[in-house]
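First up is the structure itself, then whatever we jot down about it.
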Amino acid sequence: SAVISQKPSRDICQRGTSLTIQCQVDSQVTMMFWYRQQPGQSLTLIATANQGSEATYESGFVIDKFPISRPNLTFSTLTVSNMSPEDSSIYLCSVEPYRQETQYFGPGTRLLVL
Amino acid sequence: GENVEQHPSTLSVQEGDSAVIKCTYSDSASNYFPWYKQELGKRPQLIIDIRSNVGEKKDQRIAVTLNKTAKHFSLHITETQPEDSAVYFCAASGRWFGNEKLTFGTGTRLTIIP
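Set out below in structure tokens:
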């Protein structure tokens, strides 16, 4: 597995503002993903963070709303832009380590938008 | 795209009895099926996974079975204990075809009754 950290662990934000969430891994990984989990719901993939190129977004998610960076093999950021109360959720990153065909999740960022 | 259905949504089991959670998938190209356990307020944790070249896999009290023809797979927990209480998610992906992203089921809330 891999040791994954996320910052911040939680935040309360005002509508119309933006928040950047960081995901850091202790070793180089092949794939990094960003998910959203609304209260009591399943995990929904937002995008795949590609190292050195633009992220691949899932249907219903757009780059202007959720810009993603992945400058190297151990770090990625997700920005939630122009937030509204509907963006209140838990945001999780996951990683797929080299030679391991599975995903491991970070601890998540709990976001509340007022 | 892939669609994963999971049943039941809630399950209550007497301590010591067995629990079974079932998932069906739609894409016959899917070949990797992990199961995650998520305790309240915590990240999803991988508990077991199976690949399509295997029909069954067991790890102590946990087992997973896969029926490729019927496109369904199941999680079996035997001799349940209070610490098994959590939400369980199944997932599917088509790894061998370059599709590493996971599609998750809707989750099963398992409660172990002492």
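Going down the list, the protein sequences come from chains A and L.
8 is the number of the first residue of the first sequence in this note's numbering; add one for each residue after it.
37 is the number of the first residue of the second sequence in this note's numbering; add one for each residue after it.
Positions of the beta carbon are idealized from the N, C-alpha and C atoms, including for glycine.
Here's the rule I'm using: 16 or more other beta-carbon atoms within 10 Å means buried, otherwise exposed. How should residue i be labelled?
i, result
"Ile28 (chain A)", "buried"
"Ala106 (chain L)", "exposed"
"Tyr61 (chain L)", "buried"
"Gly5 (chain A)", "Nothing can be reported for residue 5 (chain A): it is not among the residues displayed for chain A, which extend from 8 to 121."
"Pro70 (chain L)", "buried"
"Val69 (chain A)", "exposed"
"Ser121 (chain L)", "buried"
Determine, for residue i, whether the minimum Cβ-Cβ distance to residues of chain L falls below 8 Å.
i, result
"Thr109 (chain A)", "yes"
"Glu93 (chain A)", "no"
"Pro114 (chain A)", "yes"
"Met38 (chain A)", "yes"
Would you say residue i lies against chain A (beta-carbon separation less than 8 Å)?
i, result
"Pro215 (chain L)", "Since the first residue shown for chain L is 37 and the last is 150, residue 215 (chain L) is missing from the structure and cannot be characterised."
"Lys137 (chain L)", "yes"
"Phe109 (chain L)", "no"
"Thr60 (chain L)", "no"
"Thr190 (chain L)", "Past the boundaries of the shown model lies residue 190 (chain L); chain L is included only from 37 to 150, so the question cannot be answered."
"Gly130 (chain L)", "no"
"Asp85 (chain L)", "yes"
"Gly141 (chain L)", "yes"
Looking at the structure shown, is residue i part of a helix, part of a strand, or coil, going by DSSP?
i, result
"Glu7 (chain A)", "No statement about residue 7 (chain A) is possible, as the shown extent of chain A runs from 8 to 121 and does not include it."
"Glu38 (chain L)", "coil"
"Pro70 (chain L)", "strand"
"Pro118 (chain L)", "helix"
"Asp33 (chain A)", "coil"
"Pro92 (chain A)", "helix"
"Gly77 (chain L)", "coil"
"Val84 (chain A)", "Val is not the amino acid found at residue 84 (chain A); the sequence shown has Thr there. Strand at Thr84 (chain A)."
"Ala128 (chain L)", "strand"
"Arg145 (chain L)", "strand"
"Pro78 (chain A)", "strand"
Give me the chain B residues within the contact set of residue i, using Cβ-Cβ distance strictly less than 8 Å, ordered along the chain.
i, result
"Leu99 (chain A)", "Reference to chain B is not applicable here, since the protein chains of this structure are A and L."
Requested in this report: Could you name the residues of the segment 8-33 of chain A whose beta carbon sits closer than 7 Å to any beta carbon of chain L, in the order they occur along the chain?
Outcome: none
Requested in this report: Can you give me, in chain order, the residues of the segment 49-82 of chain A that have a beta carbon less than 9 Å from any beta carbon in chain L?
Outcome: Ser49, Leu50, Thr51, Leu52, Thr55, Thr63, Glu65, Ser66
Query raised in the report: Along the chain, which unbroken stretches of the beta strand (DSSP E) at least 3 residues long are found entirely within the segment 79-116 of chain L?
Result: 81-87, 92-95, 98-103, 108-113
Requested in this report: Could you please tell me which residues of the segment 62-79 of chain L, in chain order, have their CB closer than 7 Å to any CB of chain A?
Outcome: Tyr68, Pro70, Arg79
**Report entry** Every unbroken beta strand (DSSP E) inside the segment 31-71 of chain A [3 residues or more]
**Finding:** 36-44, 51-56
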